[in-house]
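To start, the structure under review is shown below, and the notes come after it.
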Amino acid sequence: MLKGAIVLLVLASASAIRLGDLNVRVDPRKVTVSGLSSGGAMATQLHVALSSKIYGAAIFAGSPNARFNLPYYCADHHMFGGLTGATSCMYSPFLSDVNDMIDAARDFDSSGDIDPLDNMSTNRHKVYVFHGTADFTVNPDNGVDVETFYQEFLASSSDIMTEFSLASGHGFGYNRVDKSFVPSVPKPTDNPDANSCGATSSPYINDCNYHGAFESLNHLYGGGLEKPEGTVDLPGSLERFEQAEFFGGNPGSDSMADEGFVYVPSRCEAGEVVCKLHIPLHGCKQNEDSVDDAYVTMTGYLEVGELNNIVMLFPQTTSSGFDNPNACWDWWGYTDNNYLVRDGVQIDGISQMIDSIIN
């Protein structure tokens, strides 16, 4: 059984596996995605581009130098475009028009660059949006714009759940049960308020007495999930997996790390049940090189996964010089102009990961 910091030892000693070698059964209609910061932007891009295989998305508050809780295609539909436009989207959402982003999605649908948008309403996709009132890195008004964007495509307003009332800083809202357990990050902050709800500091996981992983997944999967209470044993397998096969053998060229992480709950591992699949995407400066395994082990996803038979897939980015110094997901086009459609290298890579697990 794994508890808390013991997970670090398992990861350090394990060699990377191939995702296709996992012996799990996953319901292809139970695949969802979430993300923090740039991971939230990528979660929206993945959901819109791959709505035939991703059935819901949860979008959490942003992180430095990247838009997260921001509307779809914001950077390119800003007057400046690119990274300059992206930065402006973070601070000044009033300079961007959500209707332009809705029109852009419809154009991509018409051209066949993304899956049909009707999938979202026909299959009753669910969306969750979180943005803290104390987030001074990404303007909280962006959360409302995300909600407005999705209202255009989902079947009912009840399919969208929002949390805009917590005084959270720029980070992932979590209820840390064991206050004595602090993640082993390479560069711990000197800020005594780090990890408090209103903090904006590494590793960008904020103790808000709110279980963001559970609340979001419970909504995405239609309710009825078991909520973690106290310390939860993790008898499943937390493994590293090779990412090269999904990025032409050279993941670094697409700002992807050599390895990601995957957690297989014990009942899924034993083949006892058909399981779900969720893909939590870290934010900028939250990859393994920046915060060790904090986003994997400290956000509560593993506990929710173990209790509810949800395989957790954690792809990992890496920094890539001037174009992407903070290991953000591509939401402004640093890889190429296809970054937010089905052929985008990061979107296509994650799509292949999903297929490897399901098939």
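192 is the number that my numbering gives to position 192 of the sequence shown; each next residue is one higher, with no gaps.
Beta carbons: idealized from backbone N, C-alpha and C, even for Gly.
Margin query: Rounding to the nearest angstrom, what Cα-Cα distance links D336 and R342 in this structure?
Written below: 12 Å
Note to self: Taking the straight line between their C-alpha atoms, what separation do you get for Q316 and D254?
What the structure shows: 11 Å
Checklist line | N-terminal and C-terminal residue of the alpha helix (DSSP H) that C275 is part of | finding: From DSSP, C275 is part of no alpha helix (DSSP H) but of the beta strand (DSSP E) over 275-281.
Note to self: Checking the sheet assignment: what are the DSSP bridge partners for L36?
What the structure shows: F60
Check: When DSSP labels each residue in this structure, what does V311 get in the three-state scheme?
Finding: strand
Next item on the list: Mark V274 as exposed unless 16 or more other C-beta atoms lie within 10 angstroms of its C-beta, in which case mark it buried.
Entry: exposed
Margin query: Tell me the residue span of the beta strand (DSSP E) that contains M161.
Written below: 160-163
Next item on the list: In the DSSP assignment, find the alpha helix (DSSP H) that holds E215 and state where it starts and stops.
Entry: 212-220
Check: On the premise that L22 lies in contact with I357, defined as a C-beta separation below 8 Å, what is that separation, rounded to the nearest angstrom?
Finding: 6 Å
Notebook entry, point to check: Which one of V311, G56, C328, E272 has the shortest CA to CA distance from D289?
Noted result: C328
Notebook entry, point to check: Can you tell me whether DSSP reads D27 as helix, strand or coil?
Noted result: strand
Check: With a Cβ-Cβ cutoff of 9 Å, do L281 and G132 count as a contact?
Finding: no
Checklist line | Residues that DSSP places opposite E239 in a beta bridge | finding: V262
Next item on the list: Alpha carbon to alpha carbon, how far is S216 from F164? Give it in angstroms, no decimals.
Entry: 13 Å
Check: Which residue's Cα is closest to the Cα of M298: F172, N359, D100, R240?
Finding: F172
Notebook entry, point to check: Of all the beta strand (DSSP E) runs that stay within the bounds of the stretch 91-152, which reach a length of 3 or more residues?
Noted result: 126-130
Note to self: With distance defined between alpha-carbon atoms, name the residue in N359, S37, G321 nearest to D135.
What the structure shows: S37
Notebook entry, point to check: Relative to the alpha-carbon of P28, which residue among N326, A104, G230, K276 has its alpha-carbon at the smallest distance?
Noted result: K276
Next item on the list: Would you mind sorting A167 into buried or exposed? The rule is 16 or more other CB atoms within 10 Å of its CB.
Entry: exposed
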